[in-house]
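Undergrad: So this note's numbering is basically just the index in the sequence shown, starting at one, shifted up by 13.
I have a structure I would like to understand better, so I am pasting it below and will then ask my questions one at a time.
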Amino acid sequence: MKNRPVRVAVAGIGGYGDQYVAALLEKGHEHSAILSAVVDPDPSLSPRLQAIKERKTPVFEDMAGALRDSPPDIFVLATPIHHHEPMTVACLEKGVSVLCEKPLCATIQEALRMLEAQQHRPGRFVSVGYQWSFSPTILSLREDISAGLMGRPLELRTVVLWPRKRSYYSRNSWAGALRLADGRWVLDSPAHNATAHYLHNMFFVLRAAWNNSSAPAEVSAFLARANPITNYDTAAMRIRTADGTTILFYSTHAVRDSVGPMFLYRFEQADVLMDSSTGGHIVARWHDGRTKDYGDPNSDQMEKLWRAVLGVRDNAPQPCAITDAVPQVLTINGAHDSMQEIAVFSQKQTQIDKYADGDQLVWVEGLAEAMLGCWQHSAMPGETDNFDWPARVGTPVRLTDYRWFPGGKQPQQA
């Protein structure tokens with residue numbers, strides 16, 4: 014392997030996958046990696062299709078063709094959520110390692126199938142593309158937490174308010190969807206797509222993994238929507254880990270202005286924060302007056318790709334594996350069980366901004382302030398505020414033995 018470039022194929026080149034294509038075309042030679050093939054049912058959507066063709070890189074409409082005719086060393090999966098599990102399993106069965114974009118998959122049963130497939134291929138890896146998990150900033154913070162330099166974790170809370178226009182939801186058939194027309198789960202939402210990084214990161218820095226002491230043990234959720242979608246665009250979640258830490262997450266697309274991510278991680282001996290006062294850096298402040306600036310976690314968005322290349326060439330460890338990504342999936346599934354009927358904001362609360370290009374932004378009056386208030390007070394909707402929430406928070410759901418979505422247990426076969 015050290016005598017030739019690592020062959021990297023990319024599935025899904027019209028959206029986020031274009032960033033992988035660009036990185037490989039522009040910087041692949043610096044990392045001894047080449048773009049060996051691309052897969053997309055409509056490659057014309059890629060802004061780099063001409064460059065791909067000029068390099069005579071094979072273009073396939075489906076993964077089966079690429080695995081058969083041009084098998085790579087790594088397959089990057091920048092595909093819709095519902096494709097992650099079957100594509101990962103298909104790659105592993107052919108002996109190909111995987112860099113799977115976030116989130117890992119839609120359901121816990123899919124995650125377990127992915128884990129089983131990898132266990133049958135011990136010489137191959139599945140890396141999950143939460144870019145913060147590959148950042149030296151986050152990895153340094155994680156090491157200090159693991160070393161006990163901050164004491165026991167008490168409470169971690171994060172807020173991300175990112176507006177998304179109607180075009181975001183109309184860009185494909187699954188954006189904002191609970192499931193596809195054929196019944197497959199998608200569970201696309203702010204917490205399970207655009208802002209999933211920041212929910213995952215709270216588990217990641219605690220080294221939460223499948224069934225360990227920092228894994229989520231219980232979740233209660235508030236889920237609602239303002240947009241005409243089938244899933245939610247607004248979420249608040251309270252999670253208890255197996256060892257007693259509280260995790261709080263607040264996220265919405267139904268706001269006018271972008272806020273965050275902002276977080277406050279509280280430990281016995283220190284607080285770790287990222288907000289407007291830290292200039293985009295992550296800063297730890299010990300109770301005895303010491304501080305440490307860990308830096309900007311967004312410094313290199315493609316470190317996950319180059320780490321995967323090293324994983325093939327030099328057996329370099331992958332910071333974010335399947336087991337590291339499972340807690341986020343488990344939380345999302347439990348949140349849906351906690352609040353089985355998604356609430357709907359009233360027309361009286363909902364505003365619509367119209368743009369010259371025909372696009373629209375649906376947002377809820379007062380929601381941003383209410384969500385920020387919940388984050389500041391470590392509260393769930395309705396606990397400390399007077400905002401007119403359209404429903405109450407859902408019931409707590411136990412996650413320690415959760416193996417199947419929905420409900421936690423696989424239904425008995427008739």
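Yeah, the Cβ is synthetic: ideal placement off N, Cα and C, and Gly gets one too.
Keep in mind that this is a model prediction, so the values were computed, not measured.
Whose C-alpha, out of Q389, I355 and D195, is nearest the C-alpha of Y278?
TA: Walking along the sequence shown from the start, residue 278 turns up at place 265. If we check each option's Cα against that of Y278, Q389 comes out closest.
Undergrad: Assuming R102 and A334 make a contact with CB atoms under 8 Å, what is their CB distance in whole Å?
TA: Position 89 of the sequence shown holds residue 102. Position 321 of the sequence shown holds residue 334. Residue 102 is actually Val in this sequence, not Arg. Between A334 and V102 the Cβ distance is about 15 Å, and since that is not below 8 Å, they are no contact.
Undergrad: From M100 to Q32, what does the alpha carbon distance come to, in whole angstroms?
TA: Counting from one through the sequence shown, the residue named residue 100 turns up at place 87. Counting from one through the sequence shown, the residue named residue 32 turns up at place 19. Their Cα atoms are separated by approximately 20 Å.
Undergrad: Taking the alpha helix (DSSP H) that E43 falls in, what are its first and last residues?
TA: The residue given as residue 43 occupies position 30 in the sequence shown. It is not in any alpha helix (DSSP H) - E43 carries neither H nor E in the DSSP assignment.
Undergrad: Tell me which residues share the same chain as G395 and place their Cβ nearer than 6 Å to its Cβ, disregarding the 5 neighbours each side in the sequence.
TA: By 1-based counting over the sequence shown, the position of residue 395 is 382. Within the same chain, G395 has close Cβ partners W402.
Undergrad: Rounded to the nearest angstrom, what separates E123 and R137 at their Cα positions?
TA: Walking along the sequence shown from the start, residue 123 turns up at place 110. Walking along the sequence shown from the start, residue 137 turns up at place 124. Approximately 18 Å, taken between the alpha carbons.
Undergrad: If distances are taken between C-alpha atoms only, which option among A249, F276, V19 and D301 comes closest to M384?
TA: Start at 1 with the first residue of the sequence shown, and residue 384 comes out as number 371. Nearest C-alpha to M384: A249.
Undergrad: Which term fits N185, buried or exposed, when burial requires 16 or more other beta carbons within 10 angstroms of its beta carbon?
TA: As a first step, residue 185 must be located in the sequence shown, where it is residue number 172. Per the 10 Å Cβ criterion, exposed.
Undergrad: To which residues does DSSP link L236 through a beta bridge?
TA: Indexing the sequence shown from 1 puts residue 236 at position 223. In the DSSP output, where bridge partners are listed per residue, L236 has A248.
Undergrad: Going by the DSSP bridge assignment, what does E308 pair with across the sheet?
TA: Here residue 308 corresponds to residue number 295 of the sequence shown, with the count starting at 1. The sequence shown places Gly at residue 308, rather than the Glu named in the question. Looking at the DSSP assignment, G308 forms a beta bridge with I295.
Undergrad: Measuring alpha carbon to alpha carbon, tell me which of L261, G308 and D55 ends up nearest A392.
TA: As a first step, residue 392 must be located in the sequence shown, where it is residue number 379. Taking each of L261, G308 and D55 in turn and checking the Cα distance to A392, the smallest one comes out for L261.
Undergrad: Using a Cβ-based criterion (distance less than 8 Å to any ligand heavy atom), does S233 qualify as near the ligand GDP?
TA: As presented, the structure is devoid of all ligands, the ligand GDP included, so that no description of it is given.
Undergrad: Measure from the alpha carbon of D370 to the alpha carbon of each residue in S180, W175 and L412, then state which is nearest.
TA: In the sequence shown, counting from the first residue as 1, residue 370 sits at position 357. Selection S180, W175 and L412 evaluated against D370 yields S180 as nearest (Cα-Cα).
Undergrad: Can at least three beta-carbon pairs, one atom from the region 151 to 167 and one from the region 186 to 205, be found at a separation below 8 Å?
TA: no
Undergrad: Can you tell me whether DSSP reads C113 as helix, strand or coil?
TA: Translated into positions along the sequence shown, residue 113 becomes position 100. Collapsing the DSSP output to three states places C113 in a strand.
Undergrad: In the DSSP assignment, what are the bridge partners of W376?
TA: Here residue 376 refers to the residue found at position 363 of the sequence shown. According to DSSP, W376 bridges with Q364.
Undergrad: At which residues does the beta strand (DSSP E) containing G287 begin and terminate?
TA: Numbered from 1 along the sequence shown, position 274 holds the residue referred to as residue 287. Looking at the sequence shown, residue 287 is not Gly but Met. Per DSSP, M287 belongs to the beta strand (DSSP E) from A283 to M287.
Undergrad: Quick one: is S159 near chain C, going by C-beta distance under 9 Å?
TA: The structure shown contains no chain C; it holds only a single protein chain.
Undergrad: Only counting the same chain, and skipping five residues up and downstream in sequence, which positions put a Cβ closer than 7 Å to that of A427?
TA: On the sequence shown, residue 427 is found 414 positions in, with the first residue counted as 1. Any reading at A427 needs caution, since the residue's pLDDT is 44, under 50, leaving its predicted position unreliable; the model's value is listed next. So no residue of the chain qualifies.
Undergrad: Alpha carbon to alpha carbon, what distance is there between K317 and V325?
TA: Here the question's residue 325 lines up with position 312 in the sequence shown. Here the question's residue 317 lines up with position 304 in the sequence shown. So the two alpha carbons sit approximately 13 Å from each other.
Undergrad: Please tell me whether V218 and I121 are closer than 9 Å, where the distance is taken between their beta carbons.
TA: Residue mapping note: residue 218 aligns to position 205 of the sequence shown, counting from 1. Residue mapping note: residue 121 aligns to position 108 of the sequence shown, counting from 1. It is not a contact, given that the beta carbons lie outside the stated cut-off.
Undergrad: Using the DSSP secondary-structure output, state which residues sit across from E231 in a beta bridge.
TA: Here residue 231 refers to the residue found at position 218 when the sequence shown is read from its first residue. R253 and R411, per the DSSP bridge assignment.
Undergrad: Going by CA-CA distance only, name the one from E354, T243, D398 and N224 that's closest to A194.
TA: Here residue 194 is taken as the residue at index 181 of the sequence shown, counted from 1. With distances taken between Cα atoms, A194 lies closest to T243.
Undergrad: Quick one: what's got a C-beta closer than 6 Å to S148's C-beta in the same chain, skipping five residues either side?
TA: By 1-based counting over the sequence shown, the position of residue 148 is 135. Result list for S148: P310, in chain order.
Undergrad: Since V52 sits in a beta bridge, which residues does DSSP pair it with?
TA: The residue you call residue 52 lines up with position 39 of the sequence shown. BP columns for V52 point to A24 and F73.
Undergrad: Do you know how far the Cα of R405 is from the Cα of A237?
TA: Reading the sequence shown from its first residue, position 224 is the one you call residue 237. Reading the sequence shown from its first residue, position 392 is the one you call residue 405. When rounded, the distance between both Cα atoms is 10 Å.
Undergrad: As a quick exercise: from T247, K367 and K305, pick the residue whose alpha carbon is nearest that of L174.
TA: Locating residue 174 in the sequence shown gives position 161, where the first residue counts as 1. It is T247.
Undergrad: My output table needs one value for T150: the three-state DSSP class, helix, strand or coil.
TA: Here residue 150 refers to the residue found at position 137 when the sequence shown is read from its first residue. In the three-state reduction of the DSSP assignment, T150 falls in the helix class.
Undergrad: Please classify D86: is it buried, with 16 or more other beta-carbons within 10 angstroms of its beta-carbon, or exposed?
TA: To locate residue 86, count along the sequence shown from 1; it is residue 73. Buried: at least 16 other Cβ atoms inside 10 Å.
Undergrad: Which residues in the same chain have their Cβ closer than 7 Å to the Cβ of T363, if we skip the five residues on either side of it in sequence?
TA: Position 350 of the sequence shown holds residue 363. The residues are A239, V375 and V377.
Undergrad: Per the contact definition of three or more C-beta pairs closer than 8 Å, is the region 48 to 60 in contact with the region 73 to 83?
TA: yes
Undergrad: So, using beta-carbon positions, are F88 and S110 closer together than 9 Å?
TA: Working through the sequence shown from its first residue, we reach residue 88 at position 75. Working through the sequence shown from its first residue, we reach residue 110 at position 97. Their beta carbons are under 9 Å apart, which means F88 touches S110 by this criterion.
Undergrad: Exposed or buried, which one is Q425 when buried takes at least 16 other CB atoms within 10 Å?
TA: Within the sequence shown, residue 425 is the residue found at index 412, counting from 1. By the neighbour-count rule (16 or more Cβ atoms within 10 Å), Q425 is not buried but exposed.
Undergrad: Kindly indicate which residue of G41, P84 and V34 has the alpha-carbon position closest to the one of A64.
TA: Counting from 1 along the sequence shown, the entry for residue 64 is found at position 51. Selected option, being the one with the closest Cα: V34.
Undergrad: What do you reckon, are the CB atoms on G41 and V72 nearer than 9 Å?
TA: If you number the sequence shown from 1, residue 41 lands on position 28. If you number the sequence shown from 1, residue 72 lands on position 59. Cβ distance not < 9 Å, so G41 and V72 don't count as in contact.
Undergrad: When you compare the CB positions of I94 and D201, do they come within less than 9 Å of one another, or not?
TA: Taking the sequence shown and counting its residues from 1, the one referred to as residue 94 is at position 81. Taking the sequence shown and counting its residues from 1, the one referred to as residue 201 is at position 188. Cβ distance < 9 Å, so I94 and D201 count as in contact.
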